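Reading the sequence shown from the start, the letters are residues 36 to 348 in the working numbering.
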Amino acid sequence: MTAPSQVLKIRRPDDWHVHLRDGDMLKTVVPYTSEIYGRAIVMPNLAPPVTTVDAAIAYRQRILDAVPAGHDFTPLMTCYLTDTLDPDELERGFREGVFTAAKLYPANATTNSSHGVTSVDTIMPVLERMEKLGMPLLVHGEVTHADIDIFDREARFIETVMEPLRQRLTALKVVFEHITTKDAAEYVRDGNELLAATITPQHLLFNRNHMLVGGIRPHLYCLPILKRNVHQQALRELVASGFSRAFLGTDSAPHARHRKETSCGCAGCFNAPTALGSYATVFEEMNALAHFEAFCSLNGPRFYGLPVNENLR
């Protein structure tokens, strides 16, 4: 006999990190997110990136136009930080409710990040403005130096960029996005109430063996890259503990199949259709379903200062 299925009811979740792309791909993937999530923090790494209020408004409308009838979904827009971004433009977008947060990509760290920041010092006036506004900074936390091993880039970022930045701007609100290492889990856990983290389903479910042993599995290739088991386990233990400053961020990142299954494939896992069930599997495996709703539906709104969704999922 098969065991009876278990039904979980939680407040409608939010996705605090998603890539919706643009054009035909946007029209294809948006419904997978809007069906499940009430809100989503939308990444700005288009080509060209979203760096102005007008560009964000136009992109938000394209997203809304792709939401099917009957889906109640709010895209939360972000500004792509560049070396030349005008702090006044960023502040205008935040005060007018267009920008919810700003995204720091180190230059060339991931897909469409060539316009990213070359040095934190270069954008210090922007970051100081964000600190004064209480505007969250979303960080892709990897160094990009060629001499740093790809598996060490997150840990090195904490040491050389993240901690000096947070020491310098002590009131800056920071989300350490898609953390992948024991180092990052411990850093966020030991931080103050101004530091939070998102965690993807793939980094909870898989480690680098799943991607590389027995054949290369390109659909598990993402950045930051999957790490060894000890890091995967640290992430699982963090979410299972009920830690309140970790929350759902799928980092769902679609690519055309021919751009994944190729000799030089793109980084990114399209997980929007399956992410919520994947997270539930992890929480069940860790005997932590009591903390599942908070991770999916409560911790993120609390950190961002937004109301929780009232309807159930």
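The C-beta atom is built at its ideal place from N, Cα and C for all residues, glycine as well.
Small disclaimer: the values here were computed from a predicted structure and weren't measured.
- Beta-bridge partners assigned by DSSP to R74: T109.
- Check the Cα spacing between L207 and each of F327, I251, M60, A137: the tightest is with A137.
- By the neighbour-count criterion, in which 16 or more other beta carbons inside 10 Å mark a residue as buried, R188 falls on the buried side.
- CA-CA distance, M246 to I92, rounds to 38 Å.
- Residue burial annotation: K262 is buried, with at least 16 other C-beta atoms found within 10 angstroms of its C-beta.
- Proximity to G300 across V155, G73, R56, R252 peaks at R252, based on C-alpha coordinates.
- Around the Cβ of N346, a 10 Å sphere holds fewer than 16 other Cβ atoms; the residue is exposed.
- Between Y140 and H175, the gap from beta carbon to beta carbon is short of 8 Å.
- In the structure shown, C301 falls within a coil segment according to DSSP collapsed to helix, strand and coil.
- Residue state for L333 is assigned as helix, using DSSP reduced to three classes.
- If you draw a straight line from the Cα of V155 to the Cα of E177, it comes to about 13 Å.
- Where K44 is concerned, there is no enclosing alpha helix (DSSP H), because DSSP gives it neither an H nor an E.
- For the pair of segments examined, the region 234-242 was found to touch the region 301-313: the number of CB pairs separated by less than 8 Å reaches three.
- Going by C-alpha positions, F108 is about 43 Å away from D182.
- At least 8 Å separates the beta-carbon of D225 from that of I193.
- Note on geometry: alpha-carbon atoms of L116 and R243 lie some 30 Å from one another.
- The beta carbon of T285 is closer than 7 Å to those of D50, H52, V53, T235, P236, N306, A307, A310 in its chain, skipping five residues each way along the sequence.
- In the structure shown, the three-state DSSP call for T309 is coil.
- Within the DSSP bridge table, the entry for S287 names V53, C304 as partners.
- Distances from the CA of L55 to each of G335, P122, R348, A288 were compared; the closest alpha carbon is that of A288.
- When the five nearest sequence neighbours on each side are left out, the beta carbons in the same chain lying within less than 6 Å of the beta carbon of P160 are those of P122, in order along the chain.
- For I98, the uninterrupted alpha helix (DSSP H) run begins and ends at 88-100, by DSSP.
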